[in-house]
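A short write-up of the structure that comes next.
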Amino acid sequence: MRVTQGCFSFLPDLTDEQISRQVQYCLGKGWAVNIEFTDDPHPRNNLWEMWGLPMFDLRDAAGVLMELNECRKVYGDRYIRMSAFDSSHGWESLRLSFIVNRPKEEPGFRLERHEVAGRNIQYTTKCYAVDRPEGGRYGAQ
Amino acid sequence: MIAQGGSPAANEAPPTEQVDLRREFNEVGIGEVLDQLDRELIGLKPVKTRIREIASLLLIERIRKRMHLTSEIPTLHMSFTGNPGTGKTTVALRIAGILHRLGFVRRGQVVSVTRDELVGQYIGHTAPKTKEILKKAMGGVLFIDEAYYLHRPDNERDYGQEAIEILLQVMESQREDLVVILAGYGDRMEKFFASNPGFRSRIAHHIDFPDYSDGELLSIAELMLHDMNYKFSPEARSAFVRYIELRKTQPLFSNARSIRNALDRMRLRQANRLVADLDRVLTADDIMSLEASDVLASRVFIKGVIE
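If you read the sequences in order, they're chains A and B. Okay, so the first sequence: first residue is 1 according to my numbering, each after it adds one. Okay, so the second sequence: first residue is 1001 according to my numbering, each after it adds one.
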């Protein structure tokens, strides 16, 4: 099941050219671009791990792409996303985020039903991949 | 039937057949930048000639690209050698402007760094630091001042070598994203290149900055004063001519930079002289002119007398 999170996730995967154009848009707006990765793509997992520091004061997307390629070399089997942070007063938060890398196989999520008092049901989504230990969830081993 | 001249790229976008060179020249507006260079930078004849040559080459290269005669990006990395204060940084800024107008760098910013900003203090500190700077310089010009400090021959384990390796790699693989300009004093740069042959071969343009002559230094001083809305009185001017002669013979003379510092000190003395007489009514002319006494009070003259 294809994970759809952030912008552009219902489109076909962005090419490097397209990623670079999007990043350039962010830089043009003065946002700091971050690269984040995870192997736990649960929709409520907001805190992905960061690849390096947020990239402030960049003028050109080539620098971000360079980092992205480094990150892909190491964590190419995980989800990688770009996020753009707007530090201007009143915003001080993320303005844009999109996935730039995903594992080859995406096993998807299962829905768990908990029956609780009074025939009520509580639902939980769980990623199949997360059953395996961190680092070996996609592909490896 | 007459055989047509072979057209190598027939199936791509139609190549431009003919170009109006003058229009092309005006369109990119480098004429303006070059004229500005001539106007605002005094002397430096060989440098200006070289920059003109590079600009022409790039203009032609741009047209060749449109005619599908080339697809290679020319190597633009440069090395500026010359004594302190000969205008290396100033010229680097202009070069960035020229490259930007011709479309060989995308943004045209100049990131000026020295060893401190590239080399870390402990193991594993250098690579991220160097990369950080490289990322900031992407799409523009990276100006490395006193580049020979990157290499410390006396210390095998110096982290400078790591920075050099990363730089070389990026200079080679991302030529379209970044132009690197190395600068430093002639003899030490020579040694630096000798011990890092990789650098020499990756740099296409070696430009040597000559020292300024006395006359040029005087014109520089007058230009600086003009920009700051000051001027020499005739006596002060002739005193300053002597000042330049004397200053040049003294150690630690760094061309235009020494001149700027001298001017700053003269402004200080002038202000002091004016404030000394509080009951005077000053005209704009008084405030603007530097008198001979402001120049002659310099240490340089005292030493000159003693020697």
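Using N, Cα and C, we set each Cβ at its ideal position, and we do this for glycine too.
Delimiting residues of the beta strand (DSSP E) encompassing residue i
i: Tyr123 of chain A; result: Asn120 to Cys127
i: Asn101 of chain A; result: Ser93 to Asn101
i: Gln1029 of chain B; result: Reading off the sequence, residue 1029 of chain B comes out as Gly, not Gln. Run containing Gly1029 of chain B: none; DSSP gives neither H nor E here.
i: Thr38 of chain A; result: Ala32 to Thr38
i: Thr1081 of chain B; result: Met1078 to Gly1082
Of the residues the options, the one placed nearest residue i, counting alpha carbons only
i: Arg1299 of chain B; options: B:Asp1279, B:Arg1247, B:Asp1264 and B:Asn1255; result: B:Arg1247
i: Ser20 of chain A; options: A:Met55, A:Val64 and A:Asn34; result: A:Val64
i: Ile1123 of chain B; options: B:Gly1160, B:Thr1283 and B:Ser1112; result: B:Gly1160
i: Val1105 of chain B; options: B:Thr1114, B:Arg1115 and B:Arg1094; result: B:Arg1094
i: Ser1238 of chain B; options: B:Leu1290, B:Asp1038, B:Leu1274 and B:Ser1258; result: B:Leu1290
i: Val3 of chain A; options: A:Gly136, A:Gln22, A:His42 and A:Pro54; result: A:His42
i: Met1171 of chain B; options: B:Leu1142, B:Leu1037 and B:Val1033; result: B:Leu1142
i: Glu70 of chain A; options: A:Ile35, A:Ser87 and A:Lys104; result: A:Ile35
i: Leu1118 of chain B; options: B:Gln1174, B:Leu1252 and B:Asp1145; result: B:Asp1145
i: Arg95 of chain A; options: A:Gly30, A:Ser9 and A:Pro12; result: A:Gly30
i: His1151 of chain B; options: B:Gly1043, B:Phe1193 and B:Pro1251; result: B:Phe1193
i: Gly108 of chain A; options: A:Asp13, A:Tyr138, A:Ser87 and A:Ile99; result: A:Tyr138
i: Met50 of chain A; options: A:Ala84, A:Glu92, A:Cys127 and A:Val116; result: A:Ala84
i: Val1302 of chain B; options: B:Gly1215, B:Leu1099, B:Gln1250 and B:Gly1198; result: Checking the sequence, you will find Ile at residue 1302 of chain B rather than Val. Ranking B:Gly1215, B:Leu1099, B:Gln1250 and B:Gly1198 by Cα distance to Ile1302 of chain B puts B:Gln1250 first.
i: Glu112 of chain A; options: A:Glu106, A:Tyr123 and A:Glu105; result: A:Tyr123
i: Tyr79 of chain A; options: A:Glu105, A:Gly118, A:Leu27 and A:Asp131; result: A:Glu105
i: Ile1207 of chain B; options: B:Lys1065, B:Asp1227 and B:Met1189; result: B:Met1189
i: Asp1038 of chain B; options: B:Lys1065, B:Leu1021, B:Arg1023 and B:Gly1087; result: B:Gly1087
i: Ser87 of chain A; options: A:Leu27, A:Gln18 and A:Ser9; result: A:Leu27
i: Arg1023 of chain B; options: B:Glu1216, B:Glu1040, B:Phe1232 and B:Ile1060; result: B:Ile1060
i: Glu1168 of chain B; options: B:Leu1182, B:Ile1063 and B:Arg1050; result: The residue asked about is misnamed: residue 1168 of chain B is Leu in this sequence, not Glu. Leu1168 of chain B has its Cα closest to that of B:Leu1182, out of B:Leu1182, B:Ile1063 and B:Arg1050.
Nearest-angstrom beta carbon gap, residue j and residue i [assumed within contact, 8 Å]
i: Ile1203 of chain B; j: Ser1079 of chain B; result: 5 Å
i: Gly1140 of chain B; j: Gly1108 of chain B; result: 6 Å
i: Val1047 of chain B; j: Val1111 of chain B; result: Between Val1111 of chain B and Val1047 of chain B the Cβ distance is about 21 Å, and since that is not below 8 Å, they are no contact.
i: Ala1236 of chain B; j: Ala1276 of chain B; result: Ala1236 of chain B to Ala1276 of chain B, Cβ: 17 Å. No contact.
i: Ile1220 of chain B; j: Tyr1212 of chain B; result: 7 Å
i: Arg1052 of chain B; j: Leu1034 of chain B; result: 6 Å
i: Val1295 of chain B; j: Tyr1243 of chain B; result: 6 Å
i: Lys1191 of chain B; j: Tyr1149 of chain B; result: Wrong, their Cβ atoms sit about 12 Å apart, outside the cutoff.
i: Phe1253 of chain B; j: Leu1218 of chain B; result: Actually they are not in contact, since the Cβ atoms of Phe1253 of chain B and Leu1218 of chain B sit about 15 Å apart, beyond 8 Å.
i: Arg110 of chain A; j: Lys126 of chain A; result: 5 Å
i: Ile1054 of chain B; j: Arg1101 of chain B; result: Rounded, the Cβ-Cβ distance is 13 Å, inconsistent with contact.
i: Ser93 of chain A; j: Gly6 of chain A; result: Wrong, their Cβ atoms sit about 14 Å apart, outside the cutoff.
i: Ala1127 of chain B; j: Glu1162 of chain B; result: 6 Å
N- and C-terminal bounds of the alpha helix (DSSP H) containing residue i
i: Val23 of chain A; result: Asp16 to Gly28
i: Thr1049 of chain B; result: Lys1045 to Arg1066
i: Gly1198 of chain B; result: Pro1197 to Arg1202
i: Met1266 of chain B; result: Asn1255 to Ala1276
i: Ser1089 of chain B; result: For clarity, residue 1089 of chain B is Thr in the given sequence; the question names Ser instead. Lys1088 to Leu1102 is the extent of the alpha helix (DSSP H) around Thr1089 of chain B.
Three-way DSSP call (helix, strand, coil) for residue i in this model
i: Leu1178 of chain B; result: coil
i: Lys1231 of chain B; result: strand
i: Ser1289 of chain B; result: strand
i: Arg1152 of chain B; result: coil
i: Gly1005 of chain B; result: Caution applies to Gly1005 of chain B, whose pLDDT of 42 falls short of 50 and renders its modelled position unreliable; the value that the coordinates give is listed next. Residue state, collapsed to three classes: coil.
i: Asp1208 of chain B; result: strand
i: Ser1213 of chain B; result: coil
i: Glu112 of chain A; result: strand
i: Asp1294 of chain B; result: helix
i: Ser1238 of chain B; result: helix
i: Gly136 of chain A; result: coil
i: Ala1318 of chain B; result: Outside the displayed range of chain B (1001 to 1307) lies residue 1318 of chain B, so it cannot be described from this structure.
i: Gly1184 of chain B; result: strand
i: Phe8 of chain A; result: coil
i: Asp1038 of chain B; result: helix
i: Ser83 of chain A; result: strand
i: Arg1022 of chain B; result: helix
i: Arg1299 of chain B; result: helix
i: Ala1169 of chain B; result: According to the sequence displayed, residue 1169 of chain B carries Gln and not Ala. Correct three-state label for Gln1169 of chain B: helix.
i: His1226 of chain B; result: helix
i: Asp131 of chain A; result: helix
i: Ala1163 of chain B; result: helix
i: Ala1284 of chain B; result: helix
i: Glu106 of chain A; result: coil
i: Met1 of chain A; result: coil
i: Glu1190 of chain B; result: helix
i: Glu1017 of chain B; result: coil
i: Leu1069 of chain B; result: coil
i: Thr1249 of chain B; result: helix
C-beta neighbour in chain C for residue i, strict 8 Å
i: Ala84 of chain A; result: The structure shown contains no chain C; its protein chains are A and B.
For this session: Report the residue ranges of all alpha helix (DSSP H) runs contained in full by the segment 42–81 of chain A; include only those spanning at least 4 residues, in chain order.
Result: 61–75
Exercise. At what residue ranges does the segment 1108–1161 of chain B contain a whole run of the alpha helix (DSSP H), taking only runs of 4 or more?
Worked result: 1115–1118 and 1126–1137
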